[in-house]
Amino acid sequence: MAEPALQRGPSHPAARRTFWTRFLSRPAARVGGGLLLLLILAALLAPVIAPDAPNAQSWTNRLLPPGPGAWFGTDAFGRSVLTRILYGGRVSLLAGFLPVLIGVTFGVTLGVIAGYVGQRTDRVLMRLMDVLLAFPGLLLALAIIGTLGPGFQNAVIAIGVGMVPGFARLARAEVLNIKTADFVEAAGALGASAPRIIFRHLLPSMTSPLVVQATISIGSAILSTAGLSFLGLGVQPPTSDWGEMLASARSSLPRAWWLAVFPGLMIALTVLSFNLLGDALRDALDPRTRLRPGGKGHA
Numbered sequence: 266m267a268e269p270a271l272q273r274g275p276s277h278p279a280a281r282r283t284f285w286t287r288f289l290s291r292p293a294a295r296v297g298g299g300l301l302l303l304l305i306l307a308a309l310l311a312p313v314i315a316p317d318a319p320n321a322q323s324w325t326n327r328l329l330p331p332g333p334g335a336w337f338g339t340d341a342f343g344r345s346v347l348t349r350i351l352y353g354g355r356v357s358l359l360a361g362f363l364p365v366l367i368g369v370t371f372g373v374t375l376g377v378i379a380g381y382v383g384q385r386t387d388r389v390l391m392r393l394m395d396v397l398l399a400f401p402g403l404l405l406a407l408a409i410i411g412t413l414g415p416g417f418q419n420a421v422i423a424i425g426v427g428m429v430p431g432f433a434r435l436a437r438a439e440v441l442n443i444k445t446a447d448f449v450e451a452a453g454a455l456g457a458s459a460p461r462i463i464f465r466h467l468l469p470s471m472t473s474p475l476v477v478q479a480t481i482s483i484g485s486a487i488l489s490t491a492g493l494s495f496l497g498l499g500v501q502p503p504t505s506d507w508g509e510m511l512a513s514a515r516s517s518l519p520r521a522w523w524l525a526v527f528p529g530l531m532i533a534l535t536v537l538s539f540n541l542l543g544d545a546l547r548d549a550l551d552p553r554t555r556l557r558p559g560g561k562g563h564a
C-alpha cells in the first residue's frame, strides 16, 4: 500500500524527504543520538580512557572527593569512580539491549501468530499475556529471580520476560490492522503461503511501531536492571553496573555524595537519550508528519 506522501508524486516536498532527513531534522534525534554515541564510545573505550583497572584498590586514597587525579572521586576501597562508571556502562548498556531483544523476539512471534491465526489460538495466547500483564513488572522480575537466583543473566531474563506481553499485544494489534489490507489479501489470493505473507508483507509493515517501542523500552530495561542490582539481585560484585554502584554508595552517604551522584547521573542521561531517540523516531515514522512541508509533526 502506497504511503500518503508518496501518492502526491515525486515532486511533492514530503515525498523527497528520506527517513534520515526527517529523523535528523529533529533536535531530539540529534541530542539523544549524540549523547548515546558518547556513552557507547566511553564504554567501548573504557580500557583506554580509564585511569586504572576497575577493581584496583588503594587504601591510601579512600573516599577522595572529585578533583585532579580522581575526577569522579574514589570509593571506600580507594577505587576510581570514573573507572567503575566506564566499565559499568558496558554492563548497563547490555542490560538495556538484551531484555528488549528477548521481548521483541518472543513477543512479536506470539503476537503475529495470535493475530494471523486468530480464533482459539488468539484467545489462548492473549489470555496468557493478560496473566503476565496482571503482575507489576518489578514483582514479576522478583518472582523469576527468586526461582532462578540472583545474577546479571537471570536479571536480563526476568526483565525480558516482563517485556514479552507488551510487544505481543502491539504486534497482534498491527497484524489485525494490516492483514485485511488489499495487498495482503491479494497475496493470499495469488497463493502465497502463510510464512511468505508474514515475512514479506506483515512484518515489514509493522516495523515502525515496533522500532519506536523497542527504543523506548531500552531505557526502561536499564532502569529495571539498575533497580534489581540496587536490591542485590542483579549484577554481583566484584562486577559492577551503575545500579550496584548506587547500592554500594548507601553506606557512605551523605558524606561521600559523589558515589551516588555520578552513577545516578549516568543512568538518567542514558535513559533520557533513548527516550529522546524514541520520540524522534515516532515523529519521523508517523505518516501524518510526512504530509507537512516541514515534517515537524502534529501540534
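So the numbering used here is basically just the index in the sequence shown, starting at one, shifted up by 265. Note that beta-carbon positions come from the ideal geometry of N, C-alpha and C, so glycine has one too. Small disclaimer: the values here were computed from a predicted structure and weren't measured.
Ordered along the chain, which non-local residues of its own chain (more than five positions away) have a Cβ less than 8 Å from that of T504?
V356 and F417
Quick check: what's the CA-CA separation for L403 versus S489?
Straight across, the Cα-Cα distance linking L403 with S489 is about 7 Å.
Decide if S516 is buried, meaning its Cβ has at least 16 other Cβ atoms within 10 Å, or exposed.
So S516 ends up on the exposed side.
Hey, how far is the Cα of L392 from the Cα of F284?
The sequence given here places Arg at residue 392; Leu does not occur at that position. Whole-angstrom Cα-Cα distance: 37 Å.
Contact check, I410 vs L493 under 8 Å by CB: the rounded distance?
7 Å
Hey, how far is the Cα of M266 from the Cα of T286?
Because the pLDDT of M266 is 41, which lies under 50, any placement of that residue in the model is unreliable, and the number read from its coordinates should be weighed accordingly. So the two alpha carbons sit approximately 22 Å from each other.
With the cut-off set at 8 Å, would you say T348 and P319 are in Cβ contact?
yes
Do A307 and L363 have their C-beta atoms closer together than 8 Å?
no
In the DSSP assignment, what residue or residues form a beta bridge with S345?
T339
Runs of 4 residues minimum, wholly inside the region 506-559: which ones carry the alpha helix (DSSP H) assignment?
507-514 and 523-550
Would you give the residue range spanned by the alpha helix (DSSP H) that G402 belongs to?
G402 to L413
For G427, I'd like the list of residues in its chain whose CB is within less than 7 Å of its CB, leaving aside the five on either flank, ordered along the chain.
G402, L405 and A406, listed in sequence order.
Any contact between the region 527-542 and the region 384-391? By contact I mean 3 or more CB pairs, one from each, below 8 Å.
no
Leaving aside the five residues before and after F371 along the sequence, list all residues of the same chain whose C-beta is less than 6 Å from its C-beta, in chain order.
V429
When you compare only the Cα positions, how much space is there between A420 and G431?
Straight through space, the alpha carbons of G431 and A420 are spaced by roughly 18 Å.
Which residues does DSSP list as the beta-bridge partners of G332?
A335
I need the straight-line Cα distance from A335 to P460, nearest angstrom please.
A direct Cα-to-Cα measurement between A335 and P460 gives close to 57 Å.
With DSSP run on the structure shown, which of helix, strand or coil describes A491?
helix
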